[in-house]
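Colleague: Sharing a structure, written as structure tokens. Questions coming.
Protein chains: 2
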Amino acid sequence: MSRWPDRLRDMTTSSTRSTSGSSSRSGSYHHGDLRQALVSEAVRIIREEGEKSLSMRKLALNIGVSRTASYHYFADKQALLCAIAEEGFRRYNAMLSEVHQNGRRPPSAESMRDFVRGYVQFATEQTEYYDLMFGGHIWESGTSTDSLRKESHNSFRNYVSNVRSWKEQGLISDKVDALRFSQVSWSTLHGISRLIIDGIYADSAAIEPICENAAEMFWRELAP
Amino acid sequence: MSRWPDRLRDMTTSSTRSTSGSSSRSGSYHHGDLRQALVSEAVRIIREEGEKSLSMRKLALNIGVSRTASYHYFADKQALLCAIAEEGFRRYNAMLSEVHQNGRRPPSAESMRDFVRGYVQFATEQTEYYDLMFGGHIWESGTSTDSLRKESHNSFRNYVSNVRSWKEQGLISDKVDALRFSQVSWSTLHGISRLIIDGIYADSAAIEPICENAAEMFWRELAP
DNA sequence: TACGTATTTTGACAGTGTCAAGAATGGGTC
DNA sequence: GACCCATTCTTGACACTGTCAAAATACGTA
Chain R
1 MSRWPDRLRD MTTSSTRSTS GSSSRSGSYH HGDLRQALVS EAVRIIREEG
51 EKSLSMRKLA LNIGVSRTAS YHYFADKQAL LCAIAEEGFR RYNAMLSEVH
101 QNGRRPPSAE SMRDFVRGYV QFATEQTEYY DLMFGGHIWE SGTSTDSLRK
151 ESHNSFRNYV SNVRSWKEQG LISDKVDALR FSQVSWSTLH GISRLIIDGI
201 YADSAAIEPI CENAAEMFWR ELAP
Chain G
1001 MSRWPDRLRD MTTSSTRSTS GSSSRSGSYH HGDLRQALVS EAVRIIREEG
1051 EKSLSMRKLA LNIGVSRTAS YHYFADKQAL LCAIAEEGFR RYNAMLSEVH
1101 QNGRRPPSAE SMRDFVRGYV QFATEQTEYY DLMFGGHIWE SGTSTDSLRK
1151 ESHNSFRNYV SNVRSWKEQG LISDKVDALR FSQVSWSTLH GISRLIIDGI
1201 YADSAAIEPI CENAAEMFWR ELAP
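Sequences listed follow chains R and G, in order.
Anchor point for the first sequence: position 122 equals 122 in the numbering used here, and the numbering is continuous, going up by one each time.
For the numbering used here, count along the second sequence from 1 and bump the result up by 1000.
Below you can see the structure in the form of structure tokens.
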């Protein structure tokens, strides 16, 4: 006679379980892949109900484990959020290398436009990740995970070294300061994204021309 | 024999009381200027201990009133934060009109640099306000106060109409789209500020050259 | 002095993150 | 197969949080 028959019965039919896929043995005391299930469900909650609505207790309840089970995989809530942000950086890098076609595409007015569009699209469509990646909550007071810090530094370093290599190949003006340009242009992209996400640029029809304008401005800076 | 002798004694010597100034009658049941005291103390807590550390209960305790007294002036915590953001917009507008010398200063490479510096300085030094003004928490899910929304719209409209009037006076290139330029440049300013605030541009020595670069980029867009 | 209104308090409820201690499980060794 | 132990999960508990409803207090005014 089990001590939690209802919960177990619920678990086998829970929609949550179907997403975790591989190694989850339904009906067992051990979940099988709790760590991944936690991250997935957390992302789902943030996307569909907002970050504020994510609590460790509700998260565990939805998955079908007890409130503190998660603490075996994440030291605290912050660590969970860091793990999600890391996943975000992985997706972000994938998006970047697709837009840049792995560096095989020379910079141009068009490539700039595609890049700006891609960035803003990623930020505004995958808000669940973007908010955590550059949201501040994670970074303030230095409570972020080591691996997350490494991942994010990598991301920006790639960005700069991209510009630098363009300059060395003579594809852009040699007057450009690669580091400064990267910082300022990234700021612009980040600013556009944040203002859209936060609903301050409410008119969604304005997004496209804003991106175009930004891309033109960037290219005016870079053009040989 | 009073029912809360300790609290009353504390109140008269509390450092909090001394800041409220004018109409507070110390030692009385009625606080005198509780609304203002709440805002001031809330700002203090956010600045010195971080926004996360601000709770309605602690706030009331610090001031020396009971936990729910604040709800007579603010419908909920969100409303309190909106009030602080409004105060922030007032300070922001003051800063702007000082930098622009009330519109009497024609746009130039120097004025651009001063403007960028002023903006970033305001954002990074008065983080308590800036975070709330453009922080998202307040805007998401449309729970912001009417008066706050009005104040913020005003702020941006002023910014655009400034650029527009420059254009009409022939002080900048007539190829500039005032609205688009305003949106993109504001995004850049916001992006720089956020990335500094969030500690992602950790090197504080980089701030100055970043601002300079941004200002140059802006002026290249505007120069007649 | 009495009354109504503005202001503040107490009590209560449903949440939250997280620690410490214990219980169930599964894999490896004899 | 029986045993043991590390891994995984649960229960209980504590100190917090925002906020509602009802009661208490003080003040201005008639």
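We put the beta carbon where it would ideally sit given N, CA and C, even for glycine.
Small disclaimer: the values here were computed from a predicted structure and weren't measured.
On the CB-based measure, 16 or more other CB atoms within 10 Å of its CB, does A202 (chain R) come out buried or exposed?
Modeller: Under this definition A202 (chain R) is an exposed residue.
Colleague: Determine the direct distance from the alpha carbon of D1146 (chain G) to that of M1217 (chain G), and round the result to whole angstroms.
Modeller: 35 angstroms
Colleague: Are the C-beta of V184 (chain R) and some C-beta of chain G separated by less than 9 angstroms?
Modeller: Yes, V184 (chain R) counts as interfacial toward chain G.
Colleague: Can you find a C-beta in chain G that's less than 9 angstroms from the C-beta of L34 (chain R)?
Modeller: Not an interface residue.
Colleague: Taking the alpha-carbon of S1204 (chain G) as reference, which of R:R91, R:Q183 and R:D198 has the nearest alpha-carbon?
Modeller: R:Q183
Colleague: Taking its Cβ as the centre, do 16 or more other Cβ atoms sit within 10 Å of L1061 (chain G), making it buried, or is it exposed?
Modeller: exposed
Colleague: At 3 residues or longer, and completely inside the segment 176–211 of chain R: list those beta strand (DSSP E) runs for me, N to C.
Modeller: none
Colleague: Would you call the CB atoms of T1188 (chain G) and T124 (chain R) closer than 9 angstroms?
Modeller: Contact flag unset, no.
Colleague: Check whether the Cβ atoms of F115 (chain R) and V99 (chain R) sit closer than 9 angstroms, and answer yes or no.
Modeller: yes
Colleague: Straight-line CA distance for G191 (chain R) to F1122 (chain G)?
Modeller: Their Cα atoms are separated by approximately 16 angstroms.
Colleague: Taking its Cβ as the centre, do 16 or more other Cβ atoms sit within 10 Å of K167 (chain R), making it buried, or is it exposed?
Modeller: That one is buried.
Colleague: Going by C-alpha distance, which of R:H30, R:S40, R:G50 and R:A37 is nearest W1139 (chain G)?
Modeller: R:G50
Colleague: Could you tell me which whole alpha helix (DSSP H) segments of length 4 or greater appear in the segment 1032–1094 of chain G?
Modeller: 1034–1049 and 1056–1063
Colleague: Exposed or buried, what is H1030 (chain G) when buried is set at 16 or more other beta-carbons lying within 10 Å of its beta-carbon?
Modeller: exposed
Colleague: If you reduce the DSSP assignment to three classes, tell me which class A1223 (chain G) lands in.
Modeller: coil
Colleague: Helix, strand or coil for L1171 (chain G) per DSSP?
Modeller: Correct three-state label for L1171 (chain G): coil.
Colleague: For W1139 (chain G), name the three-state secondary structure that DSSP assigns.
Modeller: coil
Colleague: Determine the extent of the alpha helix (DSSP H) in which G1118 (chain G) is found, giving its start and end residues.
Modeller: Here the alpha helix (DSSP H) through G1118 (chain G) covers A1109 to E1125.
Colleague: Using CA atoms only, rank isn't needed, just tell me which of G:L1054, G:L1034, G:S1108 and G:A1075 is closest to G1170 (chain G).
Modeller: G:S1108
Colleague: Given this structure, state the Cα-to-Cα distance separating N1213 (chain G) from F181 (chain R), to the nearest angstrom.
Modeller: Each residue's Cα considered, the two are about 7 angstroms apart.
Colleague: Taking a Cβ distance cut-off of 8 angstroms, strictly less, list which residues of the segment 188–210 of chain R are near chain G, in chain order.
Modeller: T188, L189, H190, G191, I192, R194, L195, I197, D198, G199, I200, Y201, A206, P209 and I210
Colleague: Can you find a C-beta in chain G that's less than 9 angstroms from the C-beta of M217 (chain R)?
Modeller: It does; some Cβ of chain G falls within 9 angstroms.
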